[in-house]
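Below you'll find the structure, written out as structure tokens, and then a few comments.
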Amino acid sequence: MNVPLFDLKAQYPAIGDELRHVAGRVFDSQQFVLGAEGQALEEEIARYCQTKFAIGCASGSDALLLALMSGGIGEGDEVITTSFTFFATAAAISRLGARPVFVEIDERTFNMDVERVEAAISQRTKAIIAVHLYGQCVDMNPLLEIAAKHGIQIIEDAAQAIGAEDRGRRAGSMGAIGCLSFYPSKNLGAAGDAGMLVTNDEDHARRLRMLRVHGEEKKYQHDLLGINSRLDELQAAVLRVKLRHLEDWTHARQRKAQQYELKFIDAGLSEHLIAPYSRSDGRHVFHLFVIRVPADRRDELQEYLSAHGVGNGVYYPVPLHLQKCFAYLGHKKGDLPLTESAAAETVALPIYPELTDAQQDYVVSNIASFFKNKS
Ligand SMILES: *Cc1c(COP(=O)(O)O)cnc(C)c1O
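Taking the numbering used here, I'd label the letters of the sequence shown as residues 29 to 403.
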């Protein structure tokens with residue numbers, strides 16, 4: 029048997045006809061960027077994310093960059109975030125000449141430990157990027173309180189967390205701006221790159237609409253220094269079709285996650301691995317299903333699974349504070365021990381809506397035989 033880490037081919041048959049139909053509609057219109065499809069998608073995503081506004085752009089990475097630009101982040105500013113995230117989160121900060129300040133993670137959720145944020149605030153702190161990793165929200169209430177107290181804005185990196193909730197509030201709707209990615213492998217994935225910003229703030233919305241088109245409000249009048257980051261119509265049309273399935277897909281992901289946990293117990297794996305922790309006051313959308321194993325067994329387990337046709341991956345093997353391009357920040361190994369342990373002890377297992385029961389059994393039995401044969 030072969031169980032890929034994620035499988036877009038399994039999703040395609042059910043929506044293929046509709047996707048080809050809407051793609052044809054875009055070609056018939058010969059309107060390829062920032063048109064009717066994009067506008068409709070913005071309205072639908074705003075509704076889905078419980079925000080007043082949504083602004084399409086070219087990728088999740090650009091969404092982060094645009095959000096910081098709209099927040100006025102620049103040279104000499106500091107932005108607090110996590111080191112245990114996709115590169116784009118911190119890259120956006122550095123690109124604008126600001127300094128990423130990394131705080132430790134919460135060992136259970138792998139998200140930023142909000143209790144450590146206040147100690148990281150300085151005179152230069154302008155913003156916090158809260159990353160909702162793997163599809164689970166950061167504990168936002170204490171963070172919102174700290175941010176309000178110090179007059180700092182919160183930007184949410186919700187690239188992995190569309191539809192996730194913290195106490196009933198959707199990811200992206202709680203801070204000043206939320207950033208979404210529609211990279212094909214994300215829970216809502218386009219047929220290429222795409223991204224979106226969501227906000228309740230009218231000024232941000234207006235500025236973001238300008239910033240994505242080189243800062244112009246009227247044609248060829250550039251009031252701001254922006255970038256070129258437009259949402260294209262083909263992607264918007266594809267995403268509108270898929271958005272109608274997102275709730276069902278999310279429920280399926282949650283069911284698969286629950287089944288993994290039961291199967292781990294049945295297979296006697298509880299002493300060998302730690303299953304993902306879900307906050308009881310949140311809604312986890314399981315973009316990734318990440319287990320934790322002893323560091324000295326992790327790479328071996330990965331090799332074993334790969335050799336038996338079980339897809340797996342590490343998100344992320346090198347924390348950002350130890351990346352070469354961030355050497356100028358002066359970090360060394362040991363600065364963020366909990367983050368570094370997580371990078372050494374975690375493995376993501378296959379999770380996607382179409383994953384079958386038999387496939388899950390196969391994944392779990394391989395993990396069980398790995399630990400049985402070699403411990
Ligand atoms: C995917 C991702 C991004 C970047 O999105 P792209 O659309 O790939 O540019 C940013 N942050 C996180 C946490 C992500 O997972």
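Virtual Cβ for every residue (Gly too), placed ideally from N, Cα, C.
All values derive from a computational prediction rather than experimental measurement.
Looking at C-alpha atoms only, which residue of the options is the closest neighbour of residue i?
i, options, result
"Tyr40", "Lys270, His336, Asn228 and Val313", "Lys270"
"Val375", "Ala189, Glu106 and Phe138", "Phe138"
"Tyr288", "Pro378, Ser257 and Leu262", "Pro378"
"Ala189", "Gly200, Gln388 and Ile182", "Gly200"
"Tyr31", "Ala116, Leu236 and Gly339", "Rather than Tyr, the amino acid found at residue 31 in this sequence is Val. Nearest of Ala116, Leu236 and Gly339 to Val31, Cα basis: Gly339."
"Lys80", "Arg53, Asp35 and Arg234", "Arg234"
"Arg195", "Val142, Phe34, Gly104 and Arg307", "Arg307"
"Ser257", "Leu239, Val266 and Val50", "Leu239"
"Arg229", "Gln181, Gly362, Asp251 and His49", "The sequence shown places Asp at residue 229, rather than the Arg named in the question. Cα-wise, what sits closest to Asp229 is Gln181."
"Ala219", "Leu253, Glu245, Lys246 and Leu262", "Leu262"
"His315", "Leu161, Ser98 and Leu36", "Leu161"
"Thr110", "Asp324, Glu132, Asp90 and Ala264", "Glu132"
"Leu333", "Cys353, Ser369, Arg272 and Ser397", "Ser397"
"Tyr112", "Tyr380, Val392, Ser369 and Val321", "Checking the sequence, you will find Phe at residue 112 rather than Tyr. With distances taken between Cα atoms, Phe112 lies closest to Ser369."
"Phe115", "Gly104, Phe130 and Glu103", "Phe130"
"Glu135", "Gly362, Phe317 and Ile302", "Ile302"
"Leu366", "Asp90, Gln388, Tyr380 and Ala323", "Ala323"
"Asp294", "Glu331, Phe399 and Val392", "Val392"
"Cys77", "Asp221, Tyr305, Arg197 and Glu244", "Arg197"
"Ile101", "Arg281, Pro128 and Asn394", "Pro128"
"Ile108", "Ile174, Gly163 and Glu46", "Ile174"
"Glu70", "His250, Met168 and Ala264", "Ala264"
"His232", "Asn169, Arg326, Asp185 and Gly99", "Gly99"
"Ala371", "Gln388, Arg326, Ser150 and Ile395", "Arg326"
"Glu193", "Gln330, Gly163, Pro170 and Gln282", "Gly163"
"Thr227", "Ala386, Glu244 and Ala204", "Ala204"
"Tyr380", "Lys361, Phe60, Met140 and Leu274", "Leu274"
Label residue i either buried or exposed according to how many other C-beta atoms from any shown protein chain fall within 10 Å of its C-beta, with 16 as the threshold for buried.
i, result
"Ile73", "buried"
"Gly296", "exposed"
"Cys85", "buried"
"Glu65", "buried"
"Val346", "exposed"
"Asn401", "exposed"
"Met202", "buried"
"Glu328", "exposed"
"Ile83", "buried"
"Ala176", "exposed"
"His312", "buried"
"Cys353", "exposed"
"Leu290", "exposed"
"Lys155", "Residue identity differs from the one stated: residue 155 is Ala in this sequence, not Lys. By the 10 Å Cβ count, Ala155 comes out buried."
"His49", "exposed"
"Arg152", "exposed"
"Tyr356", "exposed"
"Met97", "buried"
"Gly310", "buried"
"Glu299", "exposed"
"Lys284", "buried"
"Asp185", "buried"
"Thr384", "exposed"
"Tyr248", "exposed"
Bridge partners of residue i, per DSSP?
i, result
"Phe317", "Leu377"
"Cys85", "Gly223"
"Thr110", "Val131"
"Val31", "Val338"
"Met140", "Ile133"
"Val61", "Asp260"
"Gly310", "Asp194"
Since residue i contacts residue j with CB under 8 Å, what's their CB separation in whole angstroms?
i, j, result
"Ala126", "Glu106", "7 Å"
"Ala38", "Glu382", "4 Å"
"Ala68", "Arg268", "6 Å"
"Leu225", "Leu216", "Actually they are not in contact, since the Cβ atoms of Leu225 and Leu216 sit about 15 Å apart, beyond 8 Å."
"His349", "His359", "4 Å"
"Ala187", "Cys207", "6 Å"
"Ile183", "Ala118", "Not confirmed; about 12 Å, so no contact."
"Thr278", "Gly191", "5 Å"
"Gly223", "Ser87", "4 Å"
"Leu259", "Leu62", "7 Å"
"Val241", "Gly254", "7 Å"
"Ser213", "Phe34", "6 Å"
"Tyr343", "Val318", "7 Å"
"Asp167", "Val142", "5 Å"
Hey, is residue i close to ligand 2, as in C-beta under 6 Å from one of its heavy atoms?
i, result
"Ser369", "Ligand 2 is absent from the structure shown, which contains only ligand 1."
Using 7 Å as the limit for Cβ to Cβ distance, is residue i near chain D?
i, result
"Arg123", "Judged by its chain identifiers, the structure shown contains no chain D, having just a single protein chain."
**Request:** Let me know the alpha helix (DSSP H) ranges lying completely inside the segment 239-306, each 4 residues or longer, listed in chain order.
**Result:** 261-271 and 274-294
**Prompt:** For the segment 154-225, which segments carrying the alpha helix (DSSP H) assignment without a break, of at least 4 residues, lie completely within its bounds, in sequence order?
**Reply:** 168-178
**Message:** Suppose only complete runs of 3+ residues qualify. What are the beta strand (DSSP E) ranges in the segment 336-368, listed by chain order?
**Reply:** none
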